[in-house]
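Enquirer:
In the numbering used here, the protein residues as written are 10 to 592.
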């Protein structure tokens, strides 16, 4: 039987809604039946329960919060406490958990894979039971000498999208399956490109830009006030703007010297205004007090799925040969997080087409990892003819995915409302650096800069000398995998109830998921990493195929699925080499 503490919640209204509450007979500060609260729940600004797990957005529209169980679990006789104002926001709850973990580091391997997976799947209205078989894990963090559970994050993100694949396959065929995820292998799947030896074309890794001074290690530099800045401007256009802002030459030493002349926050703000990357390192205690955390990123769930319009159900096509047979996904994405959504969908049979503008540059090091299975074409979205062709593609698509900054889509007339005008059944997926709106929403950034900006490098090192984790990268792939899981959850839901959906994931929020799950004691992480079976960092499982670019060697998904392991129809093709059309 539930205790009062288990059942109680705080339903926080804005002050302006007080008259409506009083008309409903609700007295603030008094316990009322949940059934009474549900009558006015759509007007609530937030609902927060006393424990942390995921709240499903159905059947009521809520601002996302970390709560105990799906709302359907609670009986109409459950009592809740109506409060005026903001009792405790999701951001404050998350901050408390992160700080508790930081101040009480783990000296064991107790991060719960199954419970953390359940919390993610709750956001997708899914569960392990949906696969019609068993899901097992092996191994555990620490695997490398890191204070953060990167292997756990990778394993859960991979498992979550695999569960959605299996759920759809079972829906289409009635066939269940078993799954297994090895945590050390999942960590290797998270970082294959960094080692420059697992993803190769004709035996050579993809190149970055050897003449870009912002690629040179170390990528963190001291400022005038002894703070640390990461000027990660790795593409040509932002490289030029960054050098102009700094007044620096084209070599790493001049970049470092120029940064020493700036006060950290002044440079961070000037860079934001210029649309370039200058992430400033902060202690985690300071991060959770930032407006960008309290008003934006800290309020976000790991995956946000929102139904934005009603519509008729769109059932899956019959006689499926693969889980996503007949599904079309159109993207405008680059680097890793965005394209990895496409890669995840293509692995299981979707036709995935990613659009580049003619002036866009993609670096081989990213192309060889994130665009596996993804076809690419070029359209100049500033031109009416090409934009109309994009609209035609959207009208026949099921999913759209993007990871450019907020405002980028509006520049080209491809905002969510623009696209829904051409396809009222669209599933629209965005990955943001921070949030869609609010503080930092307009800041550019990449995976590695997110680690410094959100305090993770300070956790790995110290506040005086932040350090990278051993594999350097932070959250790109997990963000893409979670977004893919959200897209498939929306696809499944659309097949039942119709409608158009938005799926949102924040690179920063995914980064903060790491300390939310746990922070390891420094000595414990060092002693455990690589010490015994289950904590050894393995070589990845690989595959080799012939492609138009040559013989490509890549890494498998590191998830064992007994019925739908997946296959790439087009493993790797040159950027822009396809016509902008569906197969």
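Positions of the beta carbon are idealized from the N, C-alpha and C atoms, including for glycine.
Note down, one range per segment and in chain order, each beta strand (DSSP E) of at least 3 residues found wholly within the segment 489 to 546.
Expert: You should have 509 to 515.
Enquirer: Among 542, 568 and 107, whose alpha-carbon lies nearest the alpha-carbon of residue 295?
Expert: Nearest C-alpha to residue 295: 107.
Enquirer: Take the Cβ of residue 65 as the centre, count every other Cβ of all protein chains shown within 10 Å, and call the residue buried at 16 or more, exposed below.
Expert: Residue placement at residue 65 cannot be trusted, given a pLDDT of 30 that sits under 50; what the coordinates show is reported in the next sentence. That one is buried.
Enquirer: Over what stretch of residues does the beta strand (DSSP E) that includes residue 446 continue unbroken?
Expert: No beta strand (DSSP E) holds residue 446; DSSP gives it neither H nor E.
Enquirer: Ends of the beta strand (DSSP E) at residue 172?
Expert: From DSSP, residue 172 is part of no beta strand (DSSP E) but of the alpha helix (DSSP H) over 159 to 182.
Enquirer: Use the C-beta contact count for residue 376: other C-beta atoms within 10 angstroms, 16 or more gives buried, fewer gives exposed.
Expert: Flag for residue 376 reads buried.
Enquirer: Tell me whether the beta-carbon of residue 358 lies closer than 9 Å to the beta-carbon of residue 330.
Expert: Yes, they are a contact pair.
Enquirer: Checking the sheet assignment: what are the DSSP bridge partners for residue 144?
Expert: In DSSP, residue 144 forms a bridge with 188.
Enquirer: Determine which residues share a DSSP beta bridge with residue 233 and list them.
Expert: Beta-bridge pairing links residue 233 to no other residue.
Enquirer: Does DSSP classify residue 249 as helix, strand or coil?
Expert: If DSSP states are grouped into helix, strand and coil, residue 249 belongs with the helices.
Enquirer: Is the CB-CB distance between residue 565 and residue 175 below 9 Å?
Expert: No, they are not a contact pair.
Enquirer: Got a sec? Which residues, its chain only, sit under 7 Å from residue 154 by beta carbon, not counting five neighbours each side?
Expert: Correct list, in chain order: 479, 534, 535 and 538.
Enquirer: What is the DSSP secondary structure of residue 469, counted as helix, strand or coil?
Expert: If DSSP states are grouped into helix, strand and coil, residue 469 belongs with the helices.
Enquirer: Please list the terminal residues of the continuous beta strand (DSSP E) segment that includes residue 363.
Expert: Looking at the DSSP string, the run of the beta strand (DSSP E) that includes residue 363 is 360 to 365.
Enquirer: Does the contact criterion of 3 or more C-beta pairs under 8 Å hold for the segment 162 to 180 versus the segment 567 to 587?
Expert: Touching, yes.
Enquirer: Taking only three categories from DSSP, how would you classify residue 581?
Expert: Here residue 581 sits in coil by DSSP.
Enquirer: Is it buried or exposed for residue 220, if we count other Cβ within 10 angstroms and need 16 for buried?
Expert: Exposed, because fewer than 16 other Cβ atoms sit within 10 Å of the Cβ of residue 220.
Enquirer: Mapping DSSP to helix, strand and coil, what is residue 216?
Expert: Residue state, collapsed to three classes: coil.
Enquirer: Taking the beta carbon of residue 38 as the centre, do at least 16 other beta carbons fall within 10 Å, making it buried, or is it exposed?
Expert: For residue 38, the pLDDT reaches just 41, beneath the cut-off of 50, and the residue's location in the model is therefore unreliable, although a value from the coordinates is still provided. Classification of residue 38: exposed, given that the 10 Å Cβ count is below 16.
Enquirer: Determine, using beta carbons only, whether residue 281 and residue 452 come nearer to each other than 9 Å.
Expert: Cβ atoms of residue 281 and residue 452: closer than 9 Å.
Enquirer: Roughly how many angstroms lie between the CA atoms of residue 184 and residue 384, to the nearest whole one?
Expert: Cα to Cα, the separation comes out at about 29 Å.
Enquirer: Three or more C-beta pairs closer than 8 Å, one from the segment 272 to 281 and one from the segment 469 to 487: is that the case here?
Expert: No, because fewer than three Cβ pairs between the segment 272 to 281 and the segment 469 to 487 fall closer than 8 Å, the two stretches do not touch.
Enquirer: Need the endpoints of the beta strand (DSSP E) that residue 267 sits in, please.
Expert: Here residue 267 belongs to no beta strand (DSSP E); instead the alpha helix (DSSP H) covers 261 to 268.
Enquirer: If you follow the alpha helix (DSSP H) that residue 420 is in, where does it begin and where does it stop?
Expert: Run containing residue 420: 417 to 420, per the alpha helix (DSSP H) assignment.
Enquirer: Looking only at C-alpha atoms, which of 246, 128 and 252 sits nearest to residue 266?
Expert: Comparing Cα-Cα distances from residue 266 to each of 246, 128 and 252, the minimum goes to 252.
Enquirer: Per DSSP, residue 563 is paired with what?
Expert: Residue 563 pairs with 552.
Enquirer: State buried or exposed for residue 420, treating a residue as buried only when at least 16 other CB atoms are found within 10 Å of its CB.
Expert: By the 10 Å Cβ count, residue 420 comes out exposed.
Enquirer: Alpha carbons only, please: which of 289, 215 and 211 is nearest the one belonging to residue 204?
Expert: It is 215 whose Cα lies nearest to the Cα of residue 204.
Enquirer: Whose CA, out of 230, 139, 109 and 445, lies closest to the CA of residue 475?
Expert: Of 230, 139, 109 and 445, the residue nearest in Cα terms is 230.
Enquirer: I want to know whether the segment 296 to 306 touches the segment 489 to 500 - three or more CB-CB distances under 8 Å.
Expert: In short, these stretches do not touch, since the Cβ pair count stays below three.
Enquirer: To which residues does DSSP link residue 340 through a beta bridge?
Expert: 363 and 410, per the DSSP bridge assignment.
Enquirer: Using the C-alpha atoms, what's the distance from residue 312 back to residue 301?
Expert: Distance between the alpha carbons of residue 301 and residue 312 is about 18 Å.
Enquirer: Residue 293 and residue 111: beta carbons closer than 9 Å?
Expert: Yes. Within cutoff.
Enquirer: Run through DSSP, which three-state label would residue 441 get?
Expert: Here residue 441 sits in strand by DSSP.
Enquirer: Is it true that the CB of residue 441 sits closer than 9 Å to the CB of residue 516?
Expert: Result yes, Cβ atoms of residue 516 and residue 441 sit closer than 9 Å.
Enquirer: Looking at C-alpha atoms only, which residue of 505, 577, 543 and 581 is the closest neighbour of residue 190?
Expert: Nearest of 505, 577, 543 and 581 to residue 190, Cα basis: 543.
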